[in-house]
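Protein chains in written order, with this note's numbering: chain A, 85 to 232; chain B, 85 to 232. Comments concern the structure below.
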DNA sequence: TTCAGGAATAGGAATCATTCTTAAAAAGGC
DNA sequence: GCCTTTTTAAGAATGATTCCTATTCCTGAA
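Dropping the structure here:
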């Protein structure tokens, strides 16, 4: 993993506060939740600065962008691979520690104290058409086409 | 599963066309993809009618609202539980037939012809705080609070 | 059949998360 | 300090979805 002093990014004070705040949290905040916290330390920061930095930091692997459901994207200061639980009522997201995986079938995760209702499994890959495109070097994730 | 003639919904012509179109598709369209198709048969239908009906039809179990990642929600005419693959390049979503599950570790799904890169697993449930609220009958999924 | 009341619709405005734009400020190297 | 490049604040723009409202459509009781 890239360390803070090895990035190609300039370590501005805003950037530093965003990383510190995110890494200090056990939760997995959305950009605007983080914005509210960061603003306490740096009142003139703007929401787009938070968004831009989260993307960039995720881009060089200093933090993790979570690919979960819900209407808002969430970010994680812990870049190790691990699973998550999402609360169906309030949307909060927590880690599932690997030692808790055994609990899951019982419907309650003792370690994280969630009542487990189910899970969602989604495979990711390239469809027949895009496999060819990717092989030819055509870029991944072009802008989704506009509706005609 | 509820059949078409058992719903509490009036079976309007718009509703009928939406269900028929969705059930006739092997893909898992977004609301606007479906809108474009439905519009060919019923040119005066509006996008909000499509959205509203998809929600209602999913609400009574006639169709399935897919809880996948990506910037647009997708809907499935097949209400049986099954897994999905999402193309990382174009966003297309296909079914993973249960007989294809054995293929997945090999990185290619023969039956669906996807190149499989990975998967996303997300557990769902109620967090400690919400467990109590749910037990007291407080509603699930209140409007997410506005940012202050 | 007719008609009143509820349900559904078209069309567009509003909302919300996210991305983009631009001019000004800050970093780093020299 | 000076120059070049990166980053920032602020707000506009975008895209998906939801909401609003006046109108139209059903349905069932009279």
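Using N, Cα and C, we set each Cβ at its ideal position, and we do this for glycine too.
Margin query: Against chain B, which members of the region 187–214 of chain A pass a CB distance test of less than 8 Å?
Written below: Hits within the stretch, in order: 188, 193, 197, 198, 199, 200, 201, 202, 203, 204, 205, 206, 207, 208, 209, 210, 211, 212, 213, 214.
Is the number of C-beta pairs between the region 201–208 of chain A and the region 156–168 of chain B that are closer than 8 Å three or more? yes
Limits of the beta strand (DSSP E) - the one that residue 105 of chain B falls within: Along the second chain, one-based indexing puts residue 105 of chain B at 21. Boundaries around residue 105 of chain B are those of the alpha helix (DSSP H), 97–107, since no beta strand (DSSP E) includes it.
Using the Cα positions of residue 122 of chain A and residue 96 of chain B, report the straight-line distance between them to the nearest angstrom.
Locating residue 122 of chain A in the first chain gives position 38, where the first residue counts as 1. Locating residue 96 of chain B in the second chain gives position 12, where the first residue counts as 1. When rounded, the distance between both Cα atoms is 51 Å.
- Query: Excluding sequence positions up to five away, which residues of its chain have a Cβ less than 8 Å from the Cβ of residue 148 of chain B?
  - Reply: Here the question's residue 148 of chain B lines up with position 64 in the second chain. Hits under 8 Å: 142, 159, 160, 161, 162, 163.
Check: In terms of residue numbering, what span does the alpha helix (DSSP H) encompassing residue 216 of chain A cover?
Finding: Here residue 216 of chain A refers to the residue found at position 132 when the first chain is read from its first residue. 212–219 is the extent of the alpha helix (DSSP H) around residue 216 of chain A.
Test: residue 134 of chain A CB closer than 8 Å to a CB of chain B: The residue you call residue 134 of chain A lines up with position 50 of the first chain. Answer no: the Cβ-Cβ gap between residue 134 of chain A and chain B never drops below 8 Å.
Chain-ordered neighbours of residue 112 of chain A on chain B, where CB pairs are closer than 9 Å
For the purposes of this step, residue 112 of chain A is identified with residue 28 of the first chain, where counting begins at 1. What residue 112 of chain A touches in chain B: nothing, since even the nearest Cβ is about 12 Å away.
- Endpoints, alpha helix (DSSP H) assigned at residue 189 of chain B: In the second chain, the residue the question calls residue 189 of chain B occupies position 105. Note, residue 189 of chain B: premise wrong, no alpha helix (DSSP H); not H, not E.
When Cβ atoms are compared, which residues of the region 113–125 of chain B fall closer than 7 Å to chain A?
116, 120
Contact with chain A by residue 173 of chain B, beta-carbon distance below 8 Å:
Looking up residue 173 of chain B in the second chain gives position 89. True, the Cβ-Cβ gap to chain A drops below 8 Å.
Counterpart residues of residue 169 of chain A in DSSP-defined beta bridges: Here residue 169 of chain A refers to the residue found at position 85 when the first chain is read from its first residue. In DSSP, residue 169 of chain A forms a bridge with A:178, B:207.
| said: Using DSSP's beta-bridge definition, name the partner residues of residue 200 of chain B. | reply: Residue numbering aside, residue 200 of chain B sits at position 116 when the second chain is read from its first letter. Paired residue(s): A:209.
**Asked** For the 8 Å Cβ check, are there 3 or more pairs between the region 129–146 of chain B and the region 96–110 of chain B?
**Response** yes
Drop a sphere of 10 angstroms on the beta-carbon of residue 229 of chain B, count the other beta-carbons inside from all chains shown, and report buried for 16 or more, exposed for fewer. Translated into the one-based positions of the second chain, residue 229 of chain B becomes position 145. Because residue 229 of chain B sits at a pLDDT of 35, beneath the cut-off of 50, its placement in the model cannot be relied upon, and the following sentence gives the value as read from the coordinates. A residue is called buried when at least 16 other Cβ atoms come within 10 angstroms of its Cβ; residue 229 of chain B does not meet this threshold and is exposed.
Original post:
Leaving out the 5 sequence neighbours to the left and right, which residues in its chain are closer than 8 Å to residue 93 of chain A when beta-carbon positions are compared?
Top reply: For the purposes of this step, residue 93 of chain A is taken as the residue at position 9 of the first chain. Hits under 8 Å: 99, 140, 141, 144.
**Asked** What distance in whole Å lies between the Cβ atoms of residue 176 of chain A and residue 114 of chain A, which are believed to be in contact at a cut-off of 8 Å?
**Response** Numbered from 1 along the first chain, position 30 holds the residue referred to as residue 114 of chain A. Numbered from 1 along the first chain, position 92 holds the residue referred to as residue 176 of chain A. No, residue 114 of chain A and residue 176 of chain A are not in contact; Cβ-Cβ is about 11 Å, not under 8 Å.
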